[in-house]
Amino acid sequence: SAVISQKPSRDICQRGTSLTIQCQVDSQVTMMFWYRQQPGQSLTLIATANQGSEATYESGFVIDKFPISRPNLTFSTLTVSNMSPEDSSIYLCSVDQGQDQPQHFGDGTRLSIL
Amino acid sequence: GQQLNQSPQSMFIQEGEDVSMNCTSSSIFNTWLWYKQDPGEGPVLLIALYKAGELTSNGRLTAQFGITRKDSFLNISASIPSDVGIYFCAGHLPYNQGGKLIFGQGTELSVKP
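Going line by line, the protein sequences match chains A and B. Here the first sequence is numbered in our numbering, starting from 16 and rising by one per residue. Here the second sequence is numbered in our numbering, starting from 611 and rising by one per residue.
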């Protein structure tokens, strides 16, 4: 399976600031996704990162708050904008290599907002 | 939207005991996945199920894809302390529906040595 590296692994940020999370894969993948995991909760899909075009956002998530880039088939970024304490979560990148291969996840970015 | 109901939410068992957890859905999935998440890490795939009725094993783990395609269970036999963690089921939507995963709420497993 693909090796997925997420950076940073954790951060503590001030309210009102923005943070960009990077996801790097060691091979080209068909699809990349960004999930949020709030404390003690399950994973919720934020958006599908589309290569060369705008991301596809799930209900309740908007581009202004969570801008996403995917410049090529191995890299994506998620920005959490204008952060508030409610954004304190684990943000996870996952990849799908297509052809019914299961999705694999990075180790996540643990974000705390003061 | 699609929802997965996973139970139980938590389990406290003695080392050596067997464990069973399950997921049900109001929707049909073509693929069911089971992941385990340890503290400080992302979910790690345990078992993938692709066919209705399929029974698949991975060491002490056994999972089945329900015949109706709306449910799945995961069994862990002879539990050991390193089985501690949170287990998630996930249904995989077809690629023509976005190819995304829908997750259950998770089962937190504690194993007493």
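All C-beta atoms, glycine included, are put in the ideal place defined by N, C-alpha and C.
Subject >> Closest Cα partner of B/K710 within the set A/F48, A/Q43, A/V18 and A/T32 >> reply: Among A/F48, A/Q43, A/V18 and A/T32, the Cα nearest to that of B/K710 belongs to A/F48.
Original post:
Alpha carbon to alpha carbon, how far is B/Y705 from A/D111?
Top reply: B/Y705 and A/D111: Cα-Cα distance of roughly 10 Å.
Original post:
Listing by chain order, which chain B residues have their CB less than 7 Å from the CB of A/L34?
Top reply: The CB of A/L34 never comes closer than 7 Å to any CB in chain B; the least such distance is about 18 Å.
Subject >> Contact belief for B/I657 with B/W644 at Cβ below 8 Å, rounded distance in angstroms >> reply: Confirmed, Cβ separation roughly 5 Å.
Subject >> Own chain, CB closer than 7 Å to A/H119, minus 5 neighbours either side, in chain order >> reply: Only S16, A17, I19, S109 and V110 meet the Cβ criterion.
Original post:
Given that a residue counts as buried once 16 or more other Cβ atoms are within 10 Å of its Cβ, and exposed if not, what is B/V629?
Top reply: Around the beta carbon of B/V629, a 10 Å sphere encloses 16 or more other beta carbons of the protein chains shown; the residue is thus reported as buried.
Original post:
Closer than 9 Å, CB to CB, is B/P608 near chain A or not?
Top reply: There is no way to answer for residue 608 of chain B, as the model of chain B reaches only from 611 to 723.
Original post:
Taking contact to mean at least 3 C-beta pairs separated by less than 8 Å, is the region 20 to 32 of chain A in contact with the region 86 to 94 of chain A?
Top reply: Note that the region 20 to 32 of chain A does not touch the region 86 to 94 of chain A; fewer than 3 beta-carbon pairs, one per stretch, sit closer than 8 Å.
Original post:
Any idea if A/D41 is buried or exposed, counting beta-carbon neighbours within 10 angstroms, 16 or more meaning buried?
Top reply: Burial check for A/D41: the Cβ neighbour count within 10 Å stays below 16, so the residue is exposed.
Original post:
Buried or exposed: A/E101, going by 16 or more other Cβ atoms within 10 Å of its Cβ?
Top reply: Exposure of A/E101 is indicated by the presence of fewer than 16 other C-beta atoms within 10 angstroms of its C-beta.
**OP:** Determine which residues share a DSSP beta bridge with B/F675 and list them.
**Re:** For B/F675, which the question treats as bridged, DSSP gives the partners B/S682.
**OP:** Express the C-alpha separation of A/R51 and B/D681 in angstroms, rounding to a whole number.
**Re:** Answer to the nearest angstrom: the Cα atoms are 24 Å apart.
Original post:
B/Q707 by DSSP, collapsed to three states: which one?
Top reply: When secondary structure is reduced to three states using DSSP, B/Q707 falls in the helix class.
**OP:** Give the range of the beta strand (DSSP E) segment to which A/T32 is assigned.
**Re:** Premise fails: A/T32 is in no beta strand (DSSP E) and is neither H nor E.
Original post:
Helix, strand or coil: which one does DSSP assign to A/D102?
Top reply: Of the three classes helix, strand and coil, the one that applies to A/D102 here is helix, per DSSP.
Original post:
Going along the chain, which residues of its own chain have a beta-carbon closer than 8 Å to the beta-carbon of B/P649, five neighbours each way excluded?
Top reply: Within the same chain, B/P649 has close Cβ partners G695.
Original post:
By the 10 Å Cβ neighbour count, where 16 or more other Cβ atoms means buried, how is A/V6 classified, buried or exposed?
Top reply: With chain A covering only 16 through 129, there is no way to say anything about residue 6 of chain A.
**OP:** Could you tell me whether any Cβ in chain B is nearer than 9 Å to the Cβ of A/Q56?
**Re:** Taking Cβ atoms only, chain B reaches closer than 9 Å to A/Q56, which makes this a yes.
Original post:
Residues in its own chain within less than 7 Å of A/L60 by CB, not counting five upstream and five downstream?
Top reply: The beta carbon of A/L60 sits closer than 7 Å to those of F48, Y50 and E73, all from its chain and outside the five residues before and after it, given in chain order.
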